[in-house]
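Peer 1: Under numbering that gives the first Met the number 0, think of the first position of the sequence shown as 0, with each following residue one higher. All residues carry an ideal CB built from backbone N, CA and C; glycine is no exception. There's a structure below that I have some questions on.
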Amino acid sequence: MAKRFTLFLILTVGLLLLVLAYAGPHWTVEAKTKVAEPKIGLIDLNRIKKEAPPFIALGQRAKNNQRILEEFTAQVLAEHQQQIKALSLDDFERSRELAATTQARLDQKRQELEESYRRQEEAVLKELEAVVAHVAKKKKYDCILLKSGFQVGGDDVTDQVLKTWDKWGLTFCQRVWIFFGGKDPRSDSLAEGSGGGE
């Protein structure tokens, strides 16, 4: 009887130790507070700059500003040439003043165009930031990073950003109008903003 009791006790304790050995890790604090992996989204900024209408309009604006500056420079230099021809050979000091005035006019025009472009670029970048934040919130991403810095991992959300930005700022009625084949009302304002003759 004593041998049976000892054998029963050894088997019971051994079975209990075996159960505790396999079940133990599931009772720990670490197992209960498992941290989810962060959800990371990636955007291809180069593709967005090529395909997004606001960036396309911004590129057109830069080209138009360059053209305007070239035309203004040609006009100012032509005026300067006429003023120089009207001077006598002894008015060296006056010709230097005219050159400084001409350069100041050119610099002022360049600065105006650069400031105008910078303000528009800042507005486009703020809008992009808002669109990316909207997509991140909607798709529950913890972080959105630039695709150029990543080799592996992350979900590419560039298409979702472009689709969201395409509909950004439209009212419900405008979206319905476009859905049923109407013209995008913003396409006219984009053309006006990029073609401006200043």
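So L68 and I83 are in contact, right, with Cβ under 8 Å, and what is the actual spacing, rounded?
Peer 2: Between I83 and L68 the Cβ distance is about 22 Å, and since that is not below 8 Å, they are no contact.
Peer 1: Going by the beta-carbon positions, is the gap between L105 and S94 smaller than 8 Å?
Peer 2: No, these two residues do not count as a Cβ contact at 8 Å.
Peer 1: I'd like to know whether the C-beta atoms of F54 and V123 end up nearer to each other than 8 Å.
Peer 2: Contact flag set, yes.
Peer 1: With H, G and I counted as helix, E and B as strand and the rest as coil, what does DSSP make of L88?
Peer 2: Coil at L88, not helix or strand.
Peer 1: Compare the C-beta of L76 with all C-beta atoms of chain B and state if any pair is closer than 8 Å.
Peer 2: Here chain B cannot be found, since the structure has a single protein chain.
Peer 1: So I47 and T163 are supposed to be a Cβ contact under 8 Å. How far apart are they, rounded?
Peer 2: Not a contact, Cβ separation roughly 11 Å.
Peer 1: Name the DSSP bridge partner or partners of G40?
Peer 2: The partner list for G40 (beta bridge, DSSP) reads I143 and D154.
Peer 1: If L57 sits next to Q119, beta carbons under 8 Å apart, how far is it from one beta carbon to the other, in whole angstroms?
Peer 2: The Cβ separation is near 6 Å, so the contact holds.
Peer 1: Please state whether the Cβ-Cβ distance between E50 and L161 is less than 8 Å.
Peer 2: Yes. Within cutoff.
Peer 1: Taking the beta carbon of I143 as the centre, do at least 16 other beta carbons fall within 10 Å, making it buried, or is it exposed?
Peer 2: Buried.
Peer 1: Grab me the residues of G180's own chain with a C-beta within less than 6 Å of its C-beta, minus the 5 sequence neighbours each way, in chain order.
Peer 2: Taken in chain order, the list of residues that qualify is empty.
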